[in-house]
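Accompanying notes for the structure given below.
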Amino acid sequence: MSKMEGVLNSIVSNRRKGKKSLAVLLDPDKLKDEIRLNNILELINQSKVDFVFVGGSLLVEDNFHNCLRKVKSLSSVPVVLFPGSPSQISNEADAILFLSLISGRNPDLLIGQHVVAAPHLKKMNLEVIPTGYMLVECGRATTASYISQTFPLPYNKPEIAAATAMAGEMLGLKIIYLDGGSGAEKPVSPKMISAVRNSVDIPIIIGGGIRNEEQAQEAYSAGADLIVVGTAFEEEPELLFAIAEARNS
Ligand code: 1GP
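Going by my numbering, the first residue of the sequence shown is number 8, and it counts up by one from there.
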């Protein structure tokens with residue numbers, strides 16, 4: 008991605024070319040150890056990941072800005088904020104997913120926190136990407152569903168996911184992010200991904216519970232444009248090389 012192109016344009020143009028993308032999610036709370044962070048960034052650079060997402064539903068360690076600075080200084084991969092709250096905003100990143108939690112009915116996460124964040128974002132040089140964020144029940148309660156105080160979409164109801172994504176696209180959102188939540192027991196089902204794929208034209212991000220190349224491949228084949236891997240990468244960073252391969256197969 009060139010600096011001028013922007014993150015959203017790059018995802019959209021990759022989608023048009025049929026090119027799949029991969030993002031790694033870094034949780035700043037888990038990256039306080041500088042040596043570990045340096046090693047991880049080296050792997051990220053070598054594996055040619057397309058984006059680094061930074062954020063978390065609940066951050067308690069006060070390491071967000073430090074982590075961002077490190078990532079920006081040691082890697083040229085575009086950095087996208089994936090914020091759990093308006094406190095996770097920084098000019099150091101390239102873009103922010105401006106997440107509206109459209110699977111839930113918590114007004115604060117549909118529009119409330121956006122009102123708080125908007126005047127700050129307006130003054131910043133950060134690309135804002137309007138994102139329809141949908142939490143999906145994937146085997147266990149996750150921090151995201153607990154903290155958001157919302158019911159995730161039922162795992163076996165692709166038609167609800169499709170209708171929700173359609174509404175998000177009609178409201179003008181530019182990307183749909185279907186997320187089983189960090190550490191989900193299983194990934195969002197290929198059935199649900201294809202139902203959403205067949206219902207909207209905008210790019211689809213899939214994350215939560217993707218732990219190997221096969222699961223990544225299934226998500227891509229079902230229609231994901233970009234997949235996000237967090238927990239599996241934290242547990243076994245080298246896995247990234249295999250998962251990155253799934254983009255091209
Ligand atoms: C969570 O989609 C991300 O919001 C990544 O999930 O940590 O399970 O890979 P994992």
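Even for Gly, the Cβ is constructed at its ideal location relative to N, Cα and C.
- In this structure, DSSP gives E144 a state outside helix and strand, which the three-state scheme calls coil.
- For L29, the enclosing beta strand (DSSP E) starts and ends at S28 to L33.
- K193 is the residue among V31, A124 and K193 whose C-alpha sits nearest the C-alpha of V143.
- Between the stretch 172-182 and the stretch 103-110 there are three or more C-beta pairs closer than 8 Å, enough to call the two in contact.
- For the pair P197 and R22, the CB atoms are not nearer than the 8 Å cut-off.
- Secondary-structure assignment with DSSP links A102 through a beta bridge to V87 and E134.
- With contact defined as three or more Cβ pairs closer than 8 Å, the stretch 121-135 and the stretch 154-162 are not in contact.
- Put simply, the stretch 88-100 touches the stretch 57-72. At least three CB pairs are less than 8 Å apart.
- Membership of I47 in any beta strand (DSSP E) is not indicated; the residue belongs instead to the alpha helix (DSSP H) covering E41 to S54.
- Short of 7 Å from the beta carbon of K79, and not among the five residues preceding or following it, lie these beta carbons of its own chain, in chain order: V86 and E99.
- Boundaries of the alpha helix (DSSP H) around G175: P165 to M177.
- Inclusion of G214 in the 7 Å shell around the ligand 1GP follows from its C-beta lying nearer than that to a non-hydrogen atom of the ligand.
- Residue pairing by DSSP places Y184 opposite Y140 and I212 in a beta bridge.
- I234 is bridged by DSSP to L29 and I213.
- Short of 7 Å from the beta carbon of V195, and not among the five residues preceding or following it, lie these beta carbons of its own chain, in chain order: V143, C145, L185, G187, I213 and G215.
- A distance below 8 Å separates the beta carbons of I18 and D232.
- Excluding five sequence positions before and after A169, the CB atoms of its chain that fall closer than 6 Å to its own CB belong to A202, V203 and S206, given in chain order.
- In the three-state DSSP reduction, V67 falls in the coil class, being neither helix nor strand.
- Distance from the C-beta of A191 to the nearest heavy atom of the ligand 1GP is below 7 Å.
- The beta carbon of K27 sits closer than 6 Å to those of Y227 and R254, all from its chain and outside the five residues before and after it, given in chain order.
- Counting only the Cα atoms, I103 lies some 22 Å from K39.
- Taking the Cβ of D69 as the reference point, every heavy atom of the ligand 1GP lies at 7 Å or farther away.
- In this structure, the ligand 1GP has no non-hydrogen atom nearer than 7 Å to the beta-carbon of V203.
- In this structure I234 is not in contact with L48, their Cβ atoms being roughly 20 Å apart against a cut-off of 8 Å.
- Collapsing the DSSP output to three states places F240 in a helix.
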